[in-house]
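Below is one structure, written out as structure tokens; comments come after it.
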Amino acid sequence: MKDHHALFEVLLENVRDAVVVADGERQILRVNKAFEAITGHCARAFVEGEHGHAHVAHQLLEQALTIPPGGRWNGVIRCSDGSDRKFEVTVSAVNGSGDFPEKYIGLVRPAFDDAALADEATIRFGYDPLTGLPGRELFSDRIDQALLSVNRSGKSVALMIMGLDRFALINDALGHAAGDRLLIEVARRLKTCIRETDTAVRLDGDKFALVMVIADLDDSVIVAEKVLSAIKEPFLLDQEEVVVTFSIGIAIYPSDCDNGAQLIKNGDNALHFAKVSGRNQYQFFSKDMNQKARSRLELEARMRRALVNEEFIVYYQPKVSAETGQVVGMEALIRWMDPDLGMISPGEFIPIAEETGLIEEIGTWVLRRSCRQNKYWQDIGLKPLKCSVNVSARQFRSRDLVDIVVDSLESTGLDPKWLELEITESMLMNDVDIVVRKMTALRELGVGLSIDDFGTGYSSLSYLGRFPITTLKIDRAFIADVDTNPKTAEIARAIIGLSRGLNLEVVAEGAEVAGHIAFLREHGCDTVQGFFYSRPVPPDEFERMVRQRAQAYEDRTLALAQPERTA
Ligand code: C2E
Ligand code: MG
Ligand code: MG
Numbered sequence: 002m003k004d005h006h007a008l009f010e011v012l013l014e015n016v017r018d019a020v021v022v023a024d025g026e027r028q029i030l031r032v033n034k035a036f037e038a039i040t041g042h043c044a045r046a047f048v049e050g051e052h053g054h055a056h057v058a059h060q061l062l063e064q065a066l067t068i069p070p071g072g073r074w075n076g077v078i079r080c081s082d083g084s085d086r087k088f089e090v091t092v093s094a095v096n097g098s099g100d101f102p103e104k105y106i107g108l109v110r111p112a113f114d115d116a117a118l119a120d121e122a123t124i125r126f127g128y129d130p131l132t133g134l135p136g137r138e139l140f141s142d143r144i145d146q147a148l149l150s151v152n153r154s155g156k157s158v159a160l161m162i163m164g165l166d167r168f169a170l171i172n173d174a175l176g177h178a179a180g181d182r183l184l185i186e187v188a189r190r191l192k193t194c195i196r197e198t199d200t201a202v203r204l205d206g207d208k209f210a211l212v213m214v215i216a217d218l219d220d221s222v223i224v225a226e227k228v229l230s231a232i233k234e235p236f237l238l239d240q241e242e243v244v245v246t247f248s249i250g251i252a253i254y255p256s257d258c259d260n261g262a263q264l265i266k267n268g269d270n271a272l273h274f275a276k277v278s279g280r281n282q283y284q285f286f287s288k289d290m291n292q293k294a295r296s297r298l299e300l301e302a303r304m305r306r307a308l309v310n311e312e313f314i315v316y317y318q319p320k321v322s323a324e325t326g327q328v329v330g331m332e333a334l335i336r337w338m339d340p341d342l343g344m345i346s347p348g349e350f351i352p353i354a355e356e357t358g359l360i361e362e363i364g365t366w367v368l369r370r371s372c373r374q375n376k377y378w379q380d381i382g383l384k385p386l387k388c389s390v391n392v393s394a395r396q397f398r399s400r401d402l403v404d405i406v407v408d409s410l411e412s413t414g415l416d417p418k419w420l421e422l423e424i425t426e427s428m429l430m431n432d433v434d435i436v437v438r439k440m441t442a443l444r445e446l447g448v449g450l451s452i453d454d455f456g457t458g459y460s461s462l463s464y465l466g467r468f469p470i471t472t473l474k475i476d477r478a479f480i481a482d483v484d485t486n487p488k489t490a491e492i493a494r495a496i497i498g499l500s501r502g503l504n505l506e507v508v509a510e511g512a513e514v515a516g517h518i519a520f521l522r523e524h525g526c527d528t529v530q531g532f533f534y535s536r537p538v539p540p541d542e543f544e545r546m547v548r549q550r551a552q553a554y555e556d557r558t559l560a561l562a563q564p565e566r567t568a
């Protein structure tokens, strides 16, 4: 008997069919894991336990028992998330006459039939009943839609075909029910990696696909990386941590092919290539893209290493008073000294750091390093100067930004008034309330806020008044020909006037020649940053420059004062 019981348990947990067991009074005794998997889509939506699986199971059983045991009931069950789903149930009466059975056992399957097509609410036809994702029927449809849309917009479609590595092993070791639950969780994680406009599809077995419209080919690399790392996190199945990996093949329309069928074929080929190349990776159909992806990955790996090996340095570029020639502030600008590649400019690596998320670590490092440097200069008696630090979009959005700023100030002992954060106009465009709140929190610390590259972001000028900023930095594009082009001169004049009107400090960046300085002075922009005065330089050089300029200023004032004294 005990053996039978054990056998029954093993069977129950490993069959693909959902099973409900009830007693003679129709009270639900249990459901198996496949039941949770098949109705999981609805069950998850129930608020708490008592309405959970038992509720769905009870409804199914009651409905199914409206026909005599042994028959097959087909029908719709309403789930509390409002969705109606169609099931097919066969109930057997066990050990009884039929009227007084000892137990009922119901076998439940999701049902599909043509009537379902007529009534969309009955069942979301074309969706995979296990994972709730669109299934194969919808796959080519979604691809066709995507191709149509990019034909108009000039963007690309990335198709990723993905297979779990060694899924059969898991099925064999833990049983099909566990395998099903793994697939459900995989589907859930996939959905977290994509935007709402992208489609995740379950093709069959352990094979999934993502259809995405992308503006930049790099976007597909980002998503592929995200998927690989989301899948790598251990899955909890029957109290056991299971680690699985994905192989991903990526094909791009229109660069790899000119129709949907070919796109799928290329994706499949790329997947095959990923599998034979050692799994747990993505491969593009095109060799070119593989090369590009590899150099990106390499750069990312180098960047991680650079943080550990302290290959980053902060350079400082002075902001100079056009009136006196004295240094009145500085901007911290990161430099990367790679042991093999030499100096890499921030223009090259900051965008990739931004995409991969490494910018948060790098940005925190720059902030702390430049606060420490600035405090050091004050401690050794240099004239106190305000230091501007660039904050990237992702850093600015990060929840931790304010805490990181507080920590940088507290751990270095720098007075907040000597720190200014530079953000760009585009960061002001979305979620205005959130942005204003964050800026206000920073201003309340006593930190200055500057809009960098001002004039390039197409924001309306009146818009600026809403943000608690302290400084505008005129983009160097407007300074470059300010002395020769009347139109740019007009824009620069307008920005200077606007800053005055809003009571903001105004800084011109990219002043390279004496003509730029003369124009800026004449029009009331006294603070200037640019190669005319100095390029960004390492800290010790910066320190020397500040001292020299202060000395020169003193000498000049003394010299000017001299004749008066002797007279
Ligand atoms: P940005 O914040 O607008 O920095 C000014 C850039 O203009 C710097 O380039 C600087 O070297 C350059 N520049 C200054 N004066 C002149 C000039 O007279 N002529 C010309 N042609 N260029 C001038 P850099 O250092 O290569 O930095 C480029 C951009 O990289 C920065 O633009 C900033 O957006 C970003 N960046 C640099 N350091 C950091 C950092 O620590 N964090 C973040 N998030 N971004 C940074
Ligand atoms: Mg800047
Ligand atoms: Mg700038």
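Using my numbering, read the sequence shown as starting at 2 and increasing by one per residue. Beta carbons: idealized from backbone N, C-alpha and C, even for Gly.
Can residue i be considered in contact with ligand 1, in the sense that its beta carbon sits closer than 6 Å to one or more heavy atoms?
i    : result
S393 : yes
P537 : yes
S230 : no
L521 : no
V367 : yes
F247 : no
I435 : no
E513 : yes
G571 : This structure leaves residue 571 out entirely; the chain is present only between 2 and 568.
F532 : yes
P352 : no
L402 : no
S427 : no
I335 : yes
P319 : no
G449 : no
S346 : yes
In whole angstroms, give me the CA-to-CA distance for residue i and residue j.
i    : j    : result
S287 : P537 : 41 Å
F455 : E510 : 10 Å
E10  : F36  : 14 Å
G583 : Y105 : For residue 583 there is no data in the structure shown, the boundaries of the chain being 2 and 568.
D476 : F313 : 25 Å
I232 : L134 : 17 Å
R137 : A201 : 11 Å
L308 : R400 : 22 Å
P102 : D129 : 35 Å
P469 : T132 : 47 Å
T325 : L386 : 15 Å
V321 : P255 : 51 Å
D166 : S248 : 6 Å
I363 : N260 : 42 Å
F140 : V212 : 9 Å
A225 : Y554 : 57 Å
V77  : R86  : 5 Å
F533 : G164 : 57 Å
V222 : A159 : 10 Å
K384 : E332 : 16 Å
F236 : A23  : 31 Å
Y464 : M430 : 10 Å
R557 : V547 : 15 Å
A174 : Q28  : 33 Å
Cβ-heavy atom distance between residue i and ligand 3 below 6 Å?
i    : result
D527 : no
E138 : no
E355 : no
E510 : yes
How close, in whole Å, do the beta carbons of residue i and residue j come, if the pair is a contact with beta carbons under 8 Å?
i    : j    : result
L61  : F88  : 6 Å
R295 : D339 : About 17 Å separates the two Cβ atoms, so there is no contact after all.
D484 : H517 : 6 Å
L503 : T471 : Contact doesn't hold; Cβ gap of about 10 Å is too wide.
V228 : L191 : 7 Å
C388 : W419 : 6 Å
E361 : R395 : 7 Å
A188 : K34  : 16 Å between Cβ atoms; not a contact.
At a cut-off of 6 Å, would you count residue i as near ligand 2, judging by its Cβ distance to the nearest heavy atom?
i    : result
D453 : yes
E423 : yes
* Is the number of C-beta pairs between the region 279-298 and the region 188-202 that are closer than 8 Å three or more? -> no
* Asked: Would you call the region 410-417 and the region 425-438 touching, i.e. three or more CB-CB distances under 8 Å?
  -> no
* Does the count of Cβ pairs from the region 348-357 and the region 371-389 closer than 8 Å reach three? -> no
* Asked: Do three or more CB pairs link the region 393-407 to the region 340-349 at distances below 8 Å?
  -> no
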